[in-house]
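Remarks on the structure that follows.
Protein chains in written order, with our numbering: chain A, 496 to 820; chain B, 496 to 820.
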C-alpha cells in the first residue's frame with residue numbers, strides 16, 4: 496500500500512515511524528510547503544516533493560495522510576486533497592467536526608474517493624471507546640480524563656506571553672476524581688475537580704516572573720478554571736527533562752443494567768510515551784482500512800465509527816478469527 | 496426490532512434486561528425446552544413457546560438471540576437456527592471457534608440470513624480490544640487478566656466432587672503481575688503468576704474436608720497450575736455472600752513505536768457486578784447490528800470484527816459524529 500505524507504512535522508514523523516512497523520505499508524512521498532531541499536526525512540530514498548506538485552502523484556499513491564493543524568490547515572487541505580486522493584486526517588476541533596465532515600464528504604463523493612477524518616486517539620480511539628460503551632450501557636454516564644501529558648496548545652499559549660522563552664504544560668488528571676468515577680458513584684465533577692495544570696516555564700533574564708505566573712493562571716479558557724502551578728526552570732532543564740511529548744488518558748463509562756443494583760465500569764486507558772508516534776500509528780492502521788474501503792467503492796467521508804475492525808488488520812480475517820477472537 | 500430469546504437461563508435474563516434499556520428493541524417471544532407453563536419470565540405479556548415450535552416464528556422475529564451453553568448447545572443450535580433466523584450467539588470455546596464459524600457460515604449463506612457468533616465480553620469486547628491494540632501497535636505484547644469474578648465452569652467442577660453441596664470459585668488476577676505489565680516491561684508470566692483461585696465450598700455434614708480440599712487444588716487444568724485457596728462456609732453464608740455473578744478483567748497491550756525508547760500501554764478494563772447482564776447487554780447491541788446487516792443483504796457468519804461500530808448504536812450517524820466523535 497503506497498502512502499504519501501502531506502506535511503512533515505511531529506505527527507508526520509509519527510506516521511513515518513508507524514509505516515516502518517507495518518510490512519504492507521510503504522512511504523512513497525512526502526509533500527512539504529517548505530523548500531524540499533531543506534526537509535530531511537527519516538526514511539532513506541523517499542522523495543520530498545513541493546506541496547504544490549502533489550497533483551502529479553494522483554496515480555502513484557493509494558492513501559495520502561494529511562498532517563496539518565486543525566485550526567487552519569485541515570479545513571482547507573482535506574476537502575481540497577480529497578478531490579484527487581483517498582485521505583486520512585486527524586482533525587480534532589470537536590465542535591466543528593460536523594462542518595468539516597460535510598465539506599470533506601461533498602468533495603470525496605464528487606471525486607469518488609474515500610476520506611477518513613478525525614482519526615487518532617481523541618478524537619479516534621477515545622471516540623470508539625465512548626461509542627462502544629454507550630451502546631452496551633445505554634443507562635450510564637461518560638467521563639473522559641486526559642493526561643498526564645503535554646498539551647501543545649496550552650504550551651503554545653504560555654509561549655506567547657511576553658518574557659517567556661519556552662514553556663511546557665502538563666495536563667494532570669485527578670486520581671481522586673478517577674477513583675470516584677471508577678467506584679460507580681457517577682459524580683458531577685467541575686472542570687477544576689477533574690484536571691490540574693502543571694506549567695514549566697523558561698523566563699527571559701530580567702522578566703517579571705510574578706507577572707508571567709499571574710498571566711498564566713488567570714488566562715481564560717486555558718487556565719482560569721483549573722488549579723495551575725507554575726515552575727520556572729532553566730533552558731537546560733527544559734531540554735533535559737521536558738523534551739518528550741507523553742500523553743494519555745482514560746474514557747470511563749459507568750452504568751447499570753437493572754434498576755441500579757448492578758453497576759458496571761468500562762474503562763479504556765492509554766499511557767503514551769510519544770503522543771505523535773501513537774497518533775501516527777492509529778492513522779497508519781486506519782489508512783489501511785481507507786484503502787480497502789476505497790477498493791470496495793465505499794466512497795465519501797468516513798469516521799472511525801464507519802470502519803469494521805477487521806479492515807484495520809494486516810492479518811486475513813480467518814487468522815483474526817482463529818487467534819484474536 | 497423484534498427479538499426472540501432461545502433458552503431462558505441467566506444469560507437470556509441478561510438480554511431481557513438489556514432489551515428493556517433499549518427503546519428500539521422489543522422482546523417478542525421466549526423459546527424454552529422446558530414446559531412453557533413452568534417458565535416465568537420478567538417481561539409482562541411475552542409468550543413462552545416450546546423450542547420445537549420456533550419455526551412458526553420465522554416471519555415474526557428480526558433477530559433470535561441464542562442463549563445456550565458452548566459445550567453442547569450452541570454447536571448444534573446456531574447452525575440449525577441460522578437456517579431460518581438472523582441469530583446471535585455467545586459461543587466461547589476459543590479453540591473451536593473456526594469450526595463453529597464454518598458450520599454457521601454455511602447454514603447462514605445457504606439460507607440468506609445473518610449470524611453473529613462469539614459475542615459478549617470474552618470473546619467479544621476483549622477480542623475487539625486485542626484487535627484494535629494489535630493494529631495500532633504491531634510491535635508489542637498482549638496480556639489478558641480475568642477477574643476478580645466468578646468462574647461458573649470452575650464452580651461447577653468443584654460441585655461435582657463428592658461431599659460438596661455448593662461451591663463458588665473466584666478468579667483473581669495478580670495485582671503485581673498487572674503492575675509489571677502496565678509498566679511496559681513485557682514480562683513472561685506463568686499461569687500461576689497471573690491469577691490465583693479462591694474457592695468457597697459448602698460441604699455435606701460429615702464430609703472429609705481435607706480430601707475435598709486436596710481434590711480441588713490438585714484438579715488438572717482447572718486448579719493444579721494455580722495457587723488455590725479453599726474456604727469452607729455454611730449454606731447460609733453462601734447464599735448471603737456469594738449469590739451474585741460479578742466478573743471483569745483487563746486486556747493490556749504494550750508496545751513500542753520506535754526502536755524501543757517510546758513505550759505505549761493500551762488497556763481495556765471491565766468491572767462488572769453481573770456477568771450475565773453485561774454479556775446480555777453486549778448481545779443486545781450486536782443484535783441491532785445484525786438486523787441492519789441482514790437488511791443490507793450482508794449474509795453469512797459474522798464476528799464482532801466485521802461490525803462497523805455505528806451499526807451498534809441507536810442514535811443516527813450524524814448524532815454520533817456530532818456528540819461522540
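Ideal placement from N, C-alpha and C gives every residue a C-beta, glycine not left out.
Cβ distance (whole Å) where residue 623 of chain B is taken to contact residue 622 of chain A below 8 Å: Against the second chain, residue 623 of chain B aligns to sequence position 128. Against the first chain, residue 622 of chain A aligns to sequence position 127. With a Cβ gap of about 14 Å, residue 623 of chain B and residue 622 of chain A do not count as contacting.
For residue 562 of chain B and residue 504 of chain B, believed in contact at Cβ under 8 Å, the rounded distance: If you number the second chain from 1, residue 504 of chain B lands on position 9. If you number the second chain from 1, residue 562 of chain B lands on position 67. Right, their Cβ atoms sit about 6 Å apart.
6 Å Cβ shell around residue 708 of chain A - same chain, five flanking residues per side excluded: Within the first chain, numbered from 1, the residue matching residue 708 of chain A stands at position 213. For residue 708 of chain A, where only same-chain residues beyond five positions count, the Cβ hits under 6 Å are 725.
Contact with chain A by residue 816 of chain B, beta-carbon distance below 8 Å: Your numbering for residue 816 of chain B matches position 321 in the second chain. By this cut-off, residue 816 of chain B is an interface position.
Residue-chain proximity (residue 638 of chain A, chain B), Cβ-Cβ < 8 Å: Within the first chain, the letter at position 143 stands for residue 638 of chain A. No - not a single Cβ of chain B is within 8 Å of the one on residue 638 of chain A.
Three or more C-beta pairs below 8 Å linking the segment 503 to 521 of chain A and the segment 534 to 546 of chain A: yes
Proximity of residue 652 of chain A and residue 717 of chain A at Cβ, strictly below 8 Å: Residue numbering aside, residue 652 of chain A sits at position 157 when the first chain is read from its first letter. Residue numbering aside, residue 717 of chain A sits at position 222 when the first chain is read from its first letter. A contact, by the Cβ cut-off of 8 Å.
C-beta neighbour in chain B for residue 643 of chain A, strict 8 Å: Position 148 of the first chain, counted from the start, is the residue given in the question as residue 643 of chain A. Not closer than 8 Å to any Cβ of chain B, the Cβ of residue 643 of chain A fails to qualify, so no.
Supposed close pair residue 613 of chain B, residue 638 of chain B - CB separation, criterion 8 Å: Position 118 of the second chain, counted from the first residue, corresponds to residue 613 of chain B. Position 143 of the second chain, counted from the first residue, corresponds to residue 638 of chain B. Not confirmed; about 20 Å, so no contact.
Continuous alpha helix (DSSP H) assignments of at least 4 residues falling wholly in the segment 620 to 658 of chain B: 620 to 631 and 647 to 654
CB contact flag (residue 796 of chain A, residue 579 of chain A, <8 Å): Here residue 796 of chain A is taken as the residue at index 301 of the first chain, counted from 1. Here residue 579 of chain A is taken as the residue at index 84 of the first chain, counted from 1. In this structure, residue 579 of chain A does not lie closer than 8 Å to residue 796 of chain A by Cβ.
Residue 592 of chain B versus B/617, B/609 and B/681, residue with shortest Cα-Cα distance: Taking the second chain and counting its residues from 1, the one referred to as residue 592 of chain B is at position 97. For residue 592 of chain B, the nearest C-alpha among the options comes from B/617.
Residues in the segment 589 to 608 of chain B having any Cβ partner in chain A nearer than 8 Å: 589, 592, 593 and 596
Whole-number beta carbon distance between residue 691 of chain B and residue 667 of chain B, since they are thought to touch under 8 Å: By 1-based counting over the second chain, the position of residue 667 of chain B is 172. By 1-based counting over the second chain, the position of residue 691 of chain B is 196. With a Cβ gap of about 5 Å, residue 667 of chain B and residue 691 of chain B count as contacting.
Touch test, the segment 784 to 792 of chain B against the segment 748 to 766 of chain A, Cβ-Cβ under 8 Å, three pairs minimum: The segment 784 to 792 of chain B, when compared against the segment 748 to 766 of chain A, does not touch it at the 8 Å Cβ threshold.
Beta strand (DSSP E) segment containing residue 894 of chain A, residue limits: Nothing about residue 894 of chain A can be reported from this structure: the residues present for chain A run from 496 to 820 only.
Chain B contact for residue 758 of chain A (CB, 8 Å cutoff): Numbered from its first residue, the first chain carries residue 758 of chain A at position 263. Yes, its Cβ sits closer than 8 Å to a Cβ of chain B.
Cutoff 8 Å: residue 625 of chain B Cβ touching any chain A Cβ: In the second chain, the residue the question calls residue 625 of chain B occupies position 130. True, the Cβ-Cβ gap to chain A drops below 8 Å.
Nonlocal neighbours in the same chain, by C-beta distance under 6 Å from residue 650 of chain B, ignoring five residues either side: For the purposes of this step, residue 650 of chain B is identified with residue 155 of the second chain, where counting begins at 1. If we look at residue 650 of chain B and ignore the five residues flanking it on each side, its Cβ neighbours are 662, 663 and 664.
Amino acids of chain B, ordered along the chain, whose beta-carbon sits closer than 7 Å to that of residue 773 of chain A: Counted from its first residue, the first chain places residue 773 of chain A at position 278. In chain order: 752 and 759.
Rounded Cβ spacing between residue 499 of chain A and residue 556 of chain A (contact assumed at less than 8 Å): As a first step, residue 499 of chain A is located in the first chain; it is residue number 4 there, counting from the start. As a first step, residue 556 of chain A is located in the first chain; it is residue number 61 there, counting from the start. That belief holds up - the Cβ atoms of residue 499 of chain A and residue 556 of chain A are roughly 4 Å apart, short of 8 Å.
Cβ-heavy atom distance, residue 788 of chain A to the ligand SAM, below 7 Å: Among the components of this structure there are no ligands whatsoever, and the ligand SAM is therefore not found.
Residue environment, residue 683 of chain B, which counts as buried when at least 16 other CB atoms sit within 10 Å: Taking the first residue of the second chain as 1, we reach residue 683 of chain B at position 188. Burial call: exposed.
Of the residues B/697, B/772 and B/794, the one placed nearest residue 734 of chain B, counting alpha carbons only: As a working note, residue 734 of chain B is residue 239 in the second chain. Looking at the Cα atoms, B/697 is the closest of the given residues.
7 Å Cβ cut-off: residues of chain A touching residue 802 of chain B: Taking the first residue of the second chain as position 1, residue 802 of chain B is located at position 307. 803, listed in chain order.
Secondary structure of residue 664 of chain A, DSSP reduced to three states: Residue numbering aside, residue 664 of chain A sits at position 169 when the first chain is read from its first letter. DSSP places residue 664 of chain A in strand when its eight states are reduced to three.
Other residues of its chain near residue 528 of chain A: CB distance less than 6 Å, five sequence neighbours each side excluded: The residue labelled residue 528 of chain A in the question sits at position 33 within the first chain. Excluding positions up to five away in sequence, the list reads 546.
Residue 758 of chain A, DSSP secondary structure in three states: Here the question's residue 758 of chain A lines up with position 263 in the first chain. If DSSP states are grouped into helix, strand and coil, residue 758 of chain A belongs with the strands.
Euclidean distance between Cα positions of residue 803 of chain A and residue 595 of chain B: For the purposes of this step, residue 803 of chain A is taken as residue 308 along the first chain, with counting starting at 1. For the purposes of this step, residue 595 of chain B is taken as residue 100 along the second chain, with counting starting at 1. Using only the alpha carbons, I get a separation of about 21 Å.
Residue closest to residue 632 of chain A, alpha-carbon to alpha-carbon, out of B/815, B/816, B/715 and B/514: What you label residue 632 of chain A is simply residue 137 of the first chain in a count that begins at 1. That would be B/514, whose Cα lies nearest to the Cα of residue 632 of chain A.
Residue of A/784, A/771, A/793 and A/700 minimising C-alpha distance to residue 657 of chain A: Counted from its first residue, the first chain places residue 657 of chain A at position 162. If we check each option's Cα against that of residue 657 of chain A, A/700 comes out closest.
Nearest-angstrom Cα separation, counted from residue 710 of chain B out to residue 808 of chain A: If you number the first chain from 1, residue 808 of chain A lands on position 313. If you number the second chain from 1, residue 710 of chain B lands on position 215. Approximately 44 Å between the Cα atoms of the pair.
Members of the segment 510 to 541 of chain B that neighbour chain A once the beta carbon cut-off is set at 7 Å: 512, 513, 516 and 517
Check whether residue 815 of chain A and residue 576 of chain B have beta carbons under 8 Å apart: For the purposes of this step, residue 815 of chain A is identified with residue 320 of the first chain, where counting begins at 1. For the purposes of this step, residue 576 of chain B is identified with residue 81 of the second chain, where counting begins at 1. For the pair residue 815 of chain A and residue 576 of chain B, the CB atoms are not nearer than the 8 Å cut-off.
Separation of residue 689 of chain A from residue 776 of chain B, as counted between CA atoms: Locating residue 776 of chain B in the second chain gives position 281, counting from the first residue. Locating residue 689 of chain A in the first chain gives position 194, counting from the first residue. As the crow flies, the alpha-carbon of residue 776 of chain B is around 29 Å from that of residue 689 of chain A.
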